[in-house]
Amino acid sequence: MIARRAVACMAALLLAGCGAAHPGTEQTPLPATGRTSAASAPSEGASLRDFGVENGPAALMLPKDLVVDYRVDNPNNVTLVIDVGQGLSTYQFLRRNLSGAGFRITADGQQSLTFTGRGWEGAYTVSESVAALTLRTP
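Numbering-wise, the sequence shown is residues -23 to -1, 1 to 115 according to mature numbering (1 follows the signal peptide of the UniProt record, and there is no 0).
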């Protein structure tokens, strides 16, 4: 089971590395943030924009109290490393809300999932030591 999680984590990290560098690349450690979101979002959700992310699908919602430790914000690649203590609850939030936001879950197991929709592919994984979301354009 640990090996499988390690592979899922590595896949997410490799997926994050697939995006080409861009002059406007922003890689910034973030303070804890989370603001209210659009009316169409789940009441406990906030958009990527609410977390200061300029790129990525506008319809993707995350828990509004999410603590983002680190982010990469490129036009073709967005990665959020989140507080591992929120990893499982974020996984459960995504499972509940992705389809309603226009995304299709393509794989789901052992607290990791992949999904596609709105011109983006995504992966989320959580283990004992890391929790991360990666989005990229195909």
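Glycine residues also receive a C-beta, built at the ideal position from the N, C-alpha and C atoms.
The stretch 58 to 67 touching the stretch 34 to 48, judged by at least three CB pairs closer than 8 Å:
Per the Cβ contact rule, the stretch 58 to 67 is in contact with the stretch 34 to 48 (3 or more Cβ pairs under 8 Å).
Taking the C-alpha atoms as reference points, what is the distance between Ala35 and Gly79?
On the sequence shown, residue 35 is found 58 positions in, with the first residue counted as 1. On the sequence shown, residue 79 is found 102 positions in, with the first residue counted as 1. If I take the Cα positions, the gap works out to 11 Å.
Coil, strand or helix - Asp60 by DSSP:
Position 83 of the sequence shown, counting from 1, holds the residue named residue 60. Coil.
If Pro40 sits next to Phe70, beta carbons under 8 Å apart, how far is it from one beta carbon to the other, in whole angstroms?
Counted from its first residue, the sequence shown places residue 40 at position 63. Counted from its first residue, the sequence shown places residue 70 at position 93. Going by Cβ atoms, the distance from Pro40 to Phe70 rounds to 5 Å, so yes, they are a contact pair.
Distance, Cα to Cα, Leu75 vs Ala108?
One-based indexing of the sequence shown puts residue 75 at position 98. One-based indexing of the sequence shown puts residue 108 at position 131. Approximately 17 Å, taken between the alpha carbons.
Tell me Gly94's beta-bridge partners as DSSP assigns them.
Along the sequence shown, one-based indexing puts residue 94 at 117. Bridge partners of Gly94: Trp97.
Residue(s) in a DSSP beta bridge with Gly22:
Here the question's residue 22 lines up with position 45 in the sequence shown. Paired residues: Pro40.
Secondary structure of Ser66, DSSP reduced to three states:
Here residue 66 refers to the residue found at position 89 when the sequence shown is read from its first residue. Of the three classes helix, strand and coil, the one that applies to Ser66 here is helix, per DSSP.
Below 6 Å CB to CB, which residues in the same chain sit around Leu110 once its five sequence neighbours on both sides are set aside?
Counting from 1 along the sequence shown, the entry for residue 110 is found at position 133. Counting only Cβ-Cβ distances below 6 Å, and skipping sequence neighbours, we find Leu57, Tyr101.
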